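Contents: one structure, followed by commentary.
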Amino acid sequence: MTDLPEIAPAVTLETRPFWDATAEGRLILPRCNACSTVIWYPRLFCPSCASDDVSWVDAAGTGTVYSFTVVRKGQGPFAPAAPYVLAYVELDEGPRVMTNIVGCRPDDVTVGQRVVVTFADTGEATALYRFRPADR
Ligand SMILES: [Zn+2]
37 MTDLPEIAPA
47 VTLETRPFWD
57 ATAEGRLILP
67 RCNACSTVIW
77 YPRLFCPSCA
87 SDDVSWVDAA
97 GTGTVYSFTV
107 VRKGQGPFAP
117 AAPYVLAYVE
127 LDEGPRVMTN
137 IVGCRPDDVT
147 VGQRVVVTFA
157 DTGEATALYR
167 FRPADR
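This is the structure in structure tokens:
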């Protein structure tokens, strides 16, 4: 088992603010100014009311494990990292994000566990958001 690979994401004009923030160790989310929906995945219109009046807001960086699986046979660059945890984390702001749980053994992850964001630098002016147990 090795660390998960840090593969740089594909950045678009729409997602540039999000990825720029990760490089600074900050998690930000788009929020609709018309209906207050916190939007995930990052985009510049509201999927709830179709408004394009969207602002970026700082997220707390905390959440709860909603669901997860332990990948025991990863593919491609992820193969050496197995076993690792692929999870949905429900952010305290509401959205559920697909991510990895790191900083603990896969067997120590539980549904409902409190987690906090951590960033893995890709070396290309972005960082990947992952989560670790909040009590460590
Ligand atoms: Zn809206």
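Each residue of the sequence shown is one higher than the one before, counting from 37 in this note's numbering.
Ideal Cβ placement from N, Cα and C applies to all residues, glycine included.
Keep in mind that this is a model prediction, so the values were computed, not measured.
Query: Heavy atom of ligand 1 within 8 Å of Ser84 beta-carbon; Result: yes
Query: Length of the line joining the Cα atoms of Asp175 and Gly139; Result: Coverage of the chain is limited to positions 37 through 172, which leaves residue 175 absent and any answer about it impossible.
Query: Bounding residues of the beta strand (DSSP E) (the contiguous stretch that carries Thr100); Result: 98–107
Query: Buried or exposed by the 16-neighbour rule on C-beta atoms within 10 Å, applied to Thr48; Result: exposed
Query: Ala57 Cβ short of 8 Å to ligand 1 heavy atom set; Result: no
Query: Ala123 beta carbon less than 9 Å from that of Phe54; Result: no
Query: Cβ-based neighbour list, Thr51, same chain, cut-off 7 Å, excluding 5 preceding and 5 following; Result: Pro78
Query: Ranges of the beta strand (DSSP E) found wholly within the region 74–145, counting only runs of at least 3; Result: 90–94, 98–107, 120–127, 132–137
Query: Gln111 classed as buried or exposed, judged by whether at least 16 other C-beta atoms fall within 10 angstroms; Result: exposed
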